[in-house]
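The next block holds one structure in the form of structure tokens; read it before the comments.
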């Protein structure tokens, strides 16, 4: 199939990921957080990394991944989300602690899928989804401790009204 694909979470545990990443005839976006990136890196290279190593070497790690899989859009989640494809590196410096909860990555993946379905490239979808997610989270007026993925989705639906 030539349909776009977004990979997150447990997808990084599967050896089938290697054959998916080798496919150059489809848009592929992967969205690991640093812990998931350590799992991905071990699968790809056999090298074990700690989360702190990934954090301290974020730019280097993203560039090393891109050298091996330049056609894949990598979105490395974190306080400063890094997005890279084909030697183009983007930084989203707008991150917030509200997004460090379970479920926000699922919302991000859903946004990317929705944008891919509308014809965006993987890189464009990752950039736009990352910006929409953090803008929605920052616009959320409730308690950051109680913010649910559904709250982010509600805020995303209001973004068009703000723009």
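In this note's numbering, the protein residues as written are 8 to 170. Each residue gets a CB set at the ideal place from its N, CA and C atoms; glycine is no exception.
Whole-angstrom C-beta distance between residue j and residue i, which should lie under 8 Å
{"i": "residue 129", "j": "residue 123", "result": "7 Å"}
{"i": "residue 111", "j": "residue 35", "result": "Not a contact, Cβ separation roughly 21 Å."}
{"i": "residue 77", "j": "residue 54", "result": "Not a contact, Cβ separation roughly 20 Å."}
Cβ-based neighbour list, residue i, same chain, cut-off 6 Å, excluding 5 preceding and 5 following
{"i": "residue 146", "result": "162"}
Whole-angstrom distance between residue j and residue i, CA atom to CA atom
{"i": "residue 113", "j": "residue 125", "result": "19 Å"}
{"i": "residue 74", "j": "residue 9", "result": "23 Å"}
{"i": "residue 11", "j": "residue 59", "result": "31 Å"}
{"i": "residue 63", "j": "residue 32", "result": "33 Å"}
{"i": "residue 19", "j": "residue 79", "result": "14 Å"}
{"i": "residue 40", "j": "residue 69", "result": "12 Å"}
Buried versus exposed call for residue i [16 or more other C-beta atoms within 10 Å across all chains shown]
{"i": "residue 165", "result": "exposed"}
{"i": "residue 100", "result": "exposed"}
8 Å CB neighbourhood of residue i in its chain, flanking five on each side removed
{"i": "residue 127", "result": "135"}
Cβ-based neighbour list, residue i, same chain, cut-off 7 Å, excluding 5 preceding and 5 following
{"i": "residue 103", "result": "141, 144, 145"}
{"i": "residue 149", "result": "158"}
Residue i, enclosing beta strand (DSSP E) - first and last residue
{"i": "residue 36", "result": "35-37"}
{"i": "residue 80", "result": "80-83"}
Cβ-heavy atom distance, residue i to the ligand GTP, below 7 Å
{"i": "residue 145", "result": "No copy of the ligand GTP appears in this structure; indeed no ligand is present at all."}
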